[in-house]
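Last residue of the sequence shown: number 317 in this note's numbering, and the count goes up by one each step with no gaps.
Worksheet: one structure, shown below.
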Amino acid sequence: MPSIKRIAVLTSGGDASGMNPCIRSVVRTGIYKGFEVFGVKHGYRGLIDDEFIEMDLSSVGHIINRGGTILRTSRSEGFLTLEGRKKAYDNLVKRSIGALVVIGGDGTFRGAVDFINDFDYPVIGIPATIDNDIAGTEYSLGYDTAVNVAMNAIDNVRDTAFSHERLFLVEVMGRHAGYIAMEAGIASGAGEILIPETITVINDVIANLESGRRRGKLSNIVVVAEGDDAGGAFDIAKLIEGKTSYEVRVIILGHMQRGGSPTAYERLMASRFGYQAIKAIMNGDFSKTVAVSGGKQVLIDLANATRKPSKIREDDLDMIVGLAL
Ligand code: F6P
């Protein structure tokens, strides 16, 4: 393989806090190690539409503390087609860019695998999705910040729930995964946590809420993952309406969980992931994503980094029963 002088970085899919400090790390480490670094705007869409910008040290200044992504992002339909991917490939070759760093989640990685299969192009992945649902890595960027944002929001809800003696159903993000619900729920002392990984039995939820009420709980909080099998928070509200002693209110936290200044942990992980991606390029270690396994930074095959089956801790499922008494 000819030695690589130019590399590019993009962010794709749902934005996640931590993307900016990660872009900063890829750009600064890349320049430090002797590469010319390009940013691609709007993810795979910009790769197809030729939206490249040359990055220098100062182009990533003052972004370590910012949520979102300065490169912008998209969920590209075009990249799902061979024609779109060919345009993207031609744009990279035209600029003599020898490797691509993609920061994103499951969909981003599937796109990368297709691209590699089509053109045998050197790609390195960096996991970033607030859902933390990528196989092979214990951490994906955005997760810690999202859990903290959700926890802080639920703390605020608790104040009003307490004052009005109400039951609040708080819906958090997670189409297929209940990690945000589980960990934000534990951290904010939720009475019930409803997640897609377990079967929600509405009669049990009602019975638990009522038994809490009998023990003197005048207010309560139920955290619902948006992908729960019984539905979102509004659906659950309809199912329990009039069947508990509580006056019920619903709040959907929604996209606010994707924003916010990255936590210290997020910034550290983003910096380390970016650094590891550049090291992988220097070692010619492609078609991989950086990942965390057993607490260590490792590289795993991109093809194996698809959406993961449930890894909710059994002990947590048991623990929350006691903590909610
Ligand atoms: O990026 C993951 C995620 O935030 C999911 O938790 C959520 O279901 C989805 O993206 C929302 O996607 P969009 O921003 O396209 O509405």
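Here a beta-carbon is modelled for each residue, glycine too, at the ideal position from N, C-alpha and C.
Every value quoted in this text rests on a predicted model; they were computed, and no experiment measured them.
Check whether the Cβ atoms of residue i and residue j sit closer than 9 angstroms, and answer yes or no.
i: Asp48; j: Val94; result: no
i: Gly318; j: Val214; result: Nothing about residue 318 can be read from this structure; the chain reaches only from -7 to 317.
i: Ala169; j: Arg299; result: yes
i: Ser285; j: Glu175; result: no
i: Ser88; j: Tyr267; result: no
i: Ile178; j: Ile172; result: no
i: Phe160; j: Asn83; result: no
i: Ile232; j: Ile198; result: yes
i: Gln289; j: Val141; result: no
i: Leu291; j: Ala262; result: no
i: Phe278; j: Pro114; result: yes
i: Ala8; j: Leu133; result: yes
i: Arg(-2); j: Gly35; result: no
i: Arg64; j: Gly38; result: yes
i: Ser180; j: Ile228; result: no
i: Ala225; j: Ile194; result: no
i: Lys78; j: Asp110; result: yes
i: Ile126; j: Ala80; result: no
Here's the rule I'm using: 16 or more other beta-carbon atoms within 10 Å means buried, otherwise exposed. How should residue i be labelled?
i: Asn124; result: buried
i: Leu317; result: exposed
i: Phe30; result: buried
i: Lys280; result: buried
i: Ile45; result: exposed
i: Ala327; result: No answer is possible for residue 327: the residues shown for the chain start at -7 and end at 317.
i: Met143; result: buried
i: Pro311; result: Before going further, note that residue 311 is Met rather than Pro in the sequence given. Result: exposed.
i: Gly90; result: buried
i: Ala256; result: exposed
i: Asp136; result: buried
i: Gly208; result: exposed
i: Val139; result: buried
i: Leu201; result: buried
i: Lys33; result: buried
i: Leu74; result: exposed
i: Tyr24; result: exposed
i: Val313; result: exposed
i: Asp151; result: exposed
i: Gly276; result: exposed
i: Glu239; result: exposed
i: Leu234; result: Correcting the residue type first, residue 234 is Gly in the shown sequence and not Leu. Exposed: under 16 other Cβ atoms inside 10 Å.
Checklist entry - Can you list, in chain order, the stretches of the alpha helix (DSSP H) that have 4 or more residues and sit fully within the stretch 36 to 63? => result none
Checklist entry - Between the stretch 245 to 265 and the stretch 163 to 175, do three or more beta carbon pairs fall short of 8 angstroms? => result These segments touch.
Next on the checklist: Contact between the stretch 185 to 197 and the stretch 302 to 314 is defined here as three or more beta-carbon pairs at a separation below 8 angstroms; is this criterion met?
Outcome noted: yes
Checklist entry - Three or more C-beta pairs closer than 8 angstroms, one from the stretch 3 to 13 and one from the stretch 47 to 61: is that the case here? => result yes
Checklist entry - Does the stretch -3 to 8 come within contact of the stretch 80 to 98, defined as at least 3 CB pairs closer than 8 angstroms? => result yes
Checklist entry - Between the stretch 100 to 114 and the stretch 284 to 303, do at least 3 Cβ pairs fall closer than 8 angstroms? => result The stretch 100 to 114 vs the stretch 284 to 303: in contact.
Checklist entry - Taking the runs of the beta strand (DSSP E) that are 3 residues or longer, which of them lie wholly in the stretch 176 to 202? => result For the stretch 176 to 202, whole beta strand (DSSP E) runs of length 3 or above, ordered along the chain, are 184 to 186.
Checklist entry - Do the stretch 151 to 158 and the stretch 109 to 122 meet, that is, are 3 or more Cβ pairs less than 8 angstroms apart? => result no
Checklist entry - Could you name the residues, in chain order, whose CB is less than 7 angstroms away from a heavy atom belonging to ligand 1? => result Proximity annotation: ligand 1 has residues Gly5, Gly6, Ala8, Arg67, Gly97, Thr121, Ile122, Asp123, Met165, Gly166, Arg167, Glu218, His247, Arg250 in chain order, each selected because its CB is closer than 7 angstroms to a heavy atom of the ligand.
Checklist entry - Going along the chain, which unbroken runs of the beta strand (DSSP E) with 3 or more residues stay wholly within the stretch 220 to 251? => result 239 to 244
Checklist entry - What alpha helix (DSSP H) runs, 4 residues minimum, are completely inside the stretch 90 to 170? => result DSSP runs (the alpha helix (DSSP H)) wholly in the stretch 90 to 170: 98 to 111, 135 to 156.
Next on the checklist: Report the start-end ranges of each alpha helix (DSSP H) in the stretch 64 to 93 that is 4 residues or longer and not cut off at the edges.
Outcome noted: 74 to 86
Checklist entry - Hey, which unbroken runs of the beta strand (DSSP E) at 3 residues or more fall wholly within the stretch 248 to 301? => result Here the runs fully enclosed are 280 to 285, 288 to 293.
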